Amino acid sequence: MPSATKSNICFFFETPVSLRNRTQLKEEIVRIFKRHGKKPASLNVVFCTDKRLLEINRQYLQHDYYTDIITFELNAPGQPVEGEVYISVDRVKDNAHQLRQPVYRELHRVIFHGVLHLSGFGDKTDAQEAEMRRQEDLCLKRYFK
1 MPSATKSNIC
11 FFFETPVSLR
21 NRTQLKEEIV
31 RIFKRHGKKP
41 ASLNVVFCTD
51 KRLLEINRQY
61 LQHDYYTDII
71 TFELNAPGQP
81 VEGEVYISVD
91 RVKDNAHQLR
101 QPVYRELHRV
111 IFHGVLHLSG
121 FGDKTDAQEA
131 EMRRQEDLCL
141 KRYFK
């Protein structure tokens with residue numbers, strides 16, 4: 001199996017957040033893609049503020065509300081996965097507090113959520129959202145075993 005580093009997975013911190021075991025996380029991201037029949041090429045995960053993600057949401061999606069994550073698929077259909085995932089650290093911390101979860105766990109859930117989107121999972125309908133949550137839970141269980 002190719003290493004995660006050949007898949008070019010990068011983390012960018014526009015705002016600080018603790019993200020430990022980055023090599024292990026990159027390897028898990030590659031495993032998630034492969035489990036769902038995807039070949040990863042490159043993935044940028046950008047940790048930013050609510051303000052920055054709201055700007056992206058308005059500019060690219062014409063949505064005027066806060067969100068925890070926005071995922072952009074950059075590859076052509078059938079090609080290896082190339083994507084960008086923007087995560088609001090502010091939303092992650094707030095969601096973790098509301099859900100009574102540790103921030104690190106909610107942060108990983110949101111990262112996996114973006115990877116699952118790039119793997120072909122949606123969350124627009126109730127059924128899709130339920131399957132997305134199930135997949136997120138499986139990812140968390142495998143990662144934090």
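Residue numbers (this note's numbering): 1 to 145.
For each residue, glycine too, the CB sits at the ideal point set by N, CA and C.
From a predicted model like this one, the values you see are computed outputs, not experimental measurements.
Between the C-alpha atoms of Val89 and Gly78 there is a straight-line separation of about 31 Å. Annotation for His117: Thr71 place their beta carbon closer than 7 Å to its own, counting only its chain and skipping 5 residues before and after.
In this structure, the CA atom of Glu55 is about 14 Å from the CA atom of Val46.
Between Leu43 and Val17, the CB-CB gap reaches or exceeds 8 Å. Secondary structure in the stretch 65–144: the alpha helix (DSSP H) runs of 4 residues or longer, each lying completely within the stretch, are 89–99, 103–118 and 126–143 in chain order. Under DSSP, Leu19 takes part in no beta bridge, so it has no partner. A direct Cα-Cα distance of roughly 13 Å separates Val92 from Lys51. A direct Cα-Cα distance of roughly 16 Å separates Asn8 from Asn21. One thing to note: Ser119 has its Cβ no nearer than 8 Å to the Cβ of Phe11.
For Asn44, the secondary structure class from DSSP, reduced to helix, strand or coil, is strand. Of Tyr66, Phe144 and Arg109, the smallest CA-CA separation from Arg134 is found for Arg109. For Phe12, the beta-bridge partners assigned by DSSP are Val46.
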